[in-house]
Amino acid sequence: MADDRERTYNGGYVQSIGKEEPERHFMEETAAEVAEPIRRGDERDEERADGAGLGWLALALSIIALFIWPILLGAAGIIVGFIARRRGAETLGAWAIGIGVIAILVRLFIMPFYT
Numbered sequence: 399m400a401d402d403r404e405r406t407y408n409g410g411y412v413q414s415i416g417k418e419e420p421e422r423h424f425m426e427e428t429a430a431e432v433a434e435p436i437r438r439g440d441e442r443d444e445e446r447a448d449g450a451g452l453g454w455l456a457l458a459l460s461i462i463a464l465f466i467w468p469i470l471l472g473a474a475g476i477i478v479g480f481i482a483r484r485r486g487a488e489t490l491g492a493w494a495i496g497i498g499v500i501a502i503l504v505r506l507f508i509m510p511f512y513t
């Protein structure tokens, strides 16, 4: 590129310091958009393992809430169920939430008529 008048980038003039220079880096064409994306499958599997353990814990709390301390254990089962759902155990978390709600509703609305 001996002639500075022909040295443009997107229609704008690019100044030279007056000596012969190699082509600038910003003038090169790169193919970064063609590169394969980074796959992080191993990290997702670890999150699902954590979610499954919390899901089983939430389900156990909710089932125990049907028999003893329905308000306390039912609420704990619901909260842990929501956390399990966020970590990847959607089915276990949903069952824990449902059974926890049923335990609380039975205690508040049905049990007073039988005691």
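Going left to right, the sequence shown walks through residues 399 to 513 as this note's numbering numbers them. Ideal Cβ positions, reconstructed from N, Cα and C, are used throughout, including at glycine. Remember, it's a predicted structure, so these values are computed and weren't measured experimentally.
Span separating the alpha-carbon of residue i from that of residue j
i	j	result
A474	G453	12 angstroms
A458	W493	10 angstroms
V478	T513	30 angstroms
G496	P468	13 angstroms
L490	I461	12 angstroms
A456	R437	31 angstroms
F465	I476	16 angstroms
L470	G451	20 angstroms
6 angstroms CB neighbourhood of residue i in its chain, flanking five on each side removed
i	result
G472	A463, G498, A501 and I502
Extent of the continuous alpha helix (DSSP H) run through residue i
i	result
G486	No alpha helix (DSSP H) holds G486; DSSP gives it neither H nor E.
Chain C contact for residue i (CB, 8 angstroms cutoff)
i	result
V499	The chain labelled as chain C is not found in the depicted structure, where only one protein chain is given.
Contacting residues, own chain, Cβ-Cβ under 7 angstroms from residue i (five flanking each side not counted)
i	result
G449	A482, R485, G486 and A487
Close Cβ partners of residue i (< 8 angstroms) along its chain, the five nearest in sequence each way excluded
i	result
V504	L464 and P468
F480	G491 and I495
E445	For E445, the pLDDT reaches just 47, beneath the cut-off of 50, and the residue's location in the model is therefore unreliable, leaving the point undetermined.
Query raised in the report: Does the region 477–488 come within contact of the region 506–513, defined as at least 3 CB pairs closer than 8 angstroms?
Result: Counting Cβ pairs under 8 angstroms, fewer than three are found: no touch.
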